[in-house]
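Trainee: Got a structure for you, written out below as structure tokens; questions coming shortly.
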Amino acid sequence: MGAYIPLFKILEGEYLMPQFMNEALILSLMSQLFIRSSRLFSRKLEDEYPVLNASYFRHYQDFENFIEEHLTKQKSIAFYASLLNISPKHLNRITRTVVQKTATQVIMERVVLEAKRMLMYLDDSLIDIAFRLGYEEYSYFVRVFRKTSGLTPTQFIKLYKS
């Protein structure tokens, strides 16, 4: 756990004292935190559930990689299950076991995370961001965003971008 504290201190410093290219450094630090946390989670999961380590965890990691690759084009569980050569029901079983969430929740949370990133760092309109994330109907994007984050995109911008 001690390896995280210096990263958080640097992250806090970059956030509080904006400098040239600090947004890029903040994203890099957040990526490092994510990777280190994933590794820690992976080791703990392997220790607690040795049976999962062979198939469930590997499938879950592949699922996350496929989400990253197809985030703006596909949000269907059936699509990702077919890429993994498993049934949608089995994909849900895997995600419930590994992260205690449905596959749909995992997909939507990742989409909303990307939407938040875009809302924070881009000056595009909300409709453009929704379209870039693969939503043809802005109202559906707002419903997904609100259901996942508890805020509408407009509320999120007012709260965090001002």
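Residue numbers for the sequence shown follow UniProt numbering, so the first one is 1 and each next one is one higher.
Virtual Cβ for every residue (Gly too), placed ideally from N, Cα, C.
Using CA coordinates, which residue listed in S28, E64, T104 is at the minimum distance from A78?
Mentor: Ranked by how close their Cα comes to the Cα of A78, the residues S28, E64, T104 have T104 in first place.
Trainee: Taking the alpha carbon of Q74 as the point to measure from, which residue in N92, P6, M108, Y60 has its own alpha carbon closest?
Mentor: Of N92, P6, M108, Y60, the residue nearest in Cα terms is M108.
Trainee: Give every residue of the same chain whose Cβ lies closer than 6 Å to the Cβ of F66, excluding the five residues on either side of it in the sequence, and list them in chain order.
Mentor: Hits under 6 Å: Y80, L83.
Trainee: Taking contact to mean 3 or more Cβ pairs, one atom from each stretch, closer than 8 Å, check whether the segment 85-104 and the segment 113-120 are in contact.
Mentor: no
Trainee: Taking its Cβ as the centre, do 16 or more other Cβ atoms sit within 10 Å of T95, making it buried, or is it exposed?
Mentor: buried
Trainee: Using the C-alpha atoms, what's the distance from N85 back to Y56?
Mentor: Answer to the nearest angstrom: the Cα atoms are 13 Å apart.
Trainee: Do you know offhand how far F156's Cα is from A3's?
Mentor: 31 Å
Trainee: Would the beta-carbon of Y60 fall within 8 Å of that of V98?
Mentor: yes
Trainee: Mind listing, in chain order, the continuous alpha helix (DSSP H) runs of no fewer than 4 residues lying wholly within the segment 97-146?
Mentor: Complete alpha helix (DSSP H) runs here, min 4: 103-121, 126-132.
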